[in-house]
Amino acid sequence: MAHALTLTPAAAQRVRLIAQRQGKANPVLRLAVDGGGCSGFQYKFDLADGPDAEDLVSETDGVLLVVDPVSLDLVAGAQVDYVESLGGAAFRVDNPQAASGCGCGSSFGI
1 MAHALTLTPA
11 AAQRVRLIAQ
21 RQGKANPVLR
31 LAVDGGGCSG
41 FQYKFDLADG
51 PDAEDLVSET
61 DGVLLVVDPV
71 SLDLVAGAQV
81 DYVESLGGAA
91 FRVDNPQAAS
101 GCGCGSSFGI
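Residue numbering for the sequence shown is 1 to 110, as defined by full-length UniProt numbering.
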């Protein structure tokens with residue numbers, strides 16, 4: 001599927017932990033793309049109550065990753081991971097649509 005998005009097991013585990021801390025029984029991570037950032041577009045992550053009717057939904061280990069149709073055009077085929085390093089911990093998007101990015105990892109251009 002050309003639009004398939006995936007959430008790694010590490011990212012799913014982190015989303016589940018965050019959702020539990022916020023008292024949410026069903027862990028749902030919403031990925032959206034906004035204009036801005038140092039490369040033209042930036043990723044936005046939020047916990048959602050559930051998917052909207054038009055969202056693309058992907059599931060990993062009981063955790064849903066949802067993306068709206070407008071953002072999907074910019075992140076189709078992407079993988080969302082959770083990484084921890086000396087510089088900190090963050091969700092990272094490996095986006096095959098991105099032609100350029102920035103050092104912060106939260107901004108991209110196409």
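All C-beta atoms in this analysis are idealised placements derived from N, C-alpha and C, irrespective of residue type, glycine included.
Since the structure is predicted, the reported quantities are computational estimates derived from the model, not experimental observations.
- Bounds of the alpha helix (DSSP H) holding A12 are 9-21.
- Listed in chain order, the non-local C-beta contacts of R16 below 8 Å within the same chain comprise P27, D61, G62, V63, local neighbours out to five positions each way being set aside.
- Between V93 and A78, the C-beta gap is smaller than 8 Å, which places the two residues in contact.
- For D73, the enclosing alpha helix (DSSP H) covers residues 69-75.
- In this structure, D46 lies away from R21, with their beta-carbon atoms at least 8 Å apart.
- Taking a C-beta distance under 8 Å as the contact criterion, A11 and V80 qualify as a contact pair.
- The continuous beta strand (DSSP E) containing A89 extends over residues 88-94.
- Excluding five sequence positions before and after K24, the CB atoms of its chain that fall closer than 8 Å to its own CB belong to L47, D49, given in chain order.
- DSSP lists A89 as the bridge partner or partners of E84.
- Check the Cα spacing between K44 and each of A19, V33, P9: the tightest is with V33.
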